[in-house]
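Undergrad: Numbering-wise (my numbering), the sequence shown opens with residue 111 and increments by one.
My questions will all concern the structure given below.
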Amino acid sequence: MENQGTPHQENTNPQFQQQFSQPFWQQQLPNATAVLVLGIISIVGCFCYGIIGLILGIIALVLSGKAIKLYNQNPALYTEASFKNLKAGKVCAIVGTCISAAYLIFLIIYICIIGAAISGGLLNVWGKH
Numbered sequence: 111m112e113n114q115g116t117p118h119q120e121n122t123n124p125q126f127q128q129q130f131s132q133p134f135w136q137q138q139l140p141n142a143t144a145v146l147v148l149g150i151i152s153i154v155g156c157f158c159y160g161i162i163g164l165i166l167g168i169i170a171l172v173l174s175g176k177a178i179k180l181y182n183q184n185p186a187l188y189t190e191a192s193f194k195n196l197k198a199g200k201v202c203a204i205v206g207t208c209i210s211a212a213y214l215i216f217l218i219i220y221i222c223i224i225g226a227a228i229s230g231g232l233l234n235v236w237g238k239h
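Here is the structure:
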């Protein structure tokens, strides 16, 4: 006889499989998304005289340090995807902080050179007659 229907048909809906693919006790790492967003904005913000990128990068690094400590205490409690977001955000924060610091140092040196040139008479604007 032909099988009219099985009582335990597997659900092949991808949304159903994705929803139940991780154990129910796993949760997102706290601030993983915030670290990723702050890291990306710190790269973009490095062109605002370096100050915004530097501040956001440092905040992202502090938050990522706390979240990594939480993850290392109990890795099974948190999802792998949130840990990957955290690592990507930390890398972006490091890059943004380095670029922002370099840009800020460049601007400080540039302002010092221009200030010394103006006050030292190298750029004699008014001239002596």
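A virtual CB, placed ideally from N, CA and C, is assigned to each residue, including glycine.
1) State the DSSP-derived secondary structure class of residue 137, mapped to helix, strand or coil.
2) The alpha helix (DSSP H) that contains residue 191, what's its start and end?
3) Is the separation between the beta-carbon of residue 153 and that of residue 205 shorter than 8 angstroms?
4) Enumerated in chain order, which unbroken segments of the alpha helix (DSSP H) with a length of 4 residues or greater are wholly contained in the region 154–189?
5) For the 8 angstroms Cβ check, are there 3 or more pairs between the region 165–172 and the region 200–219?
6) Is residue 192 near residue 148, with beta carbons less than 8 angstroms apart?
7) Would you say residue 225 and residue 146 are within 8 angstroms of each other, going by their C-beta atoms?
TA: Reading from the atomic positions:
1) strand
2) 190–229
3) yes
4) 161–183
5) yes
6) no
7) no
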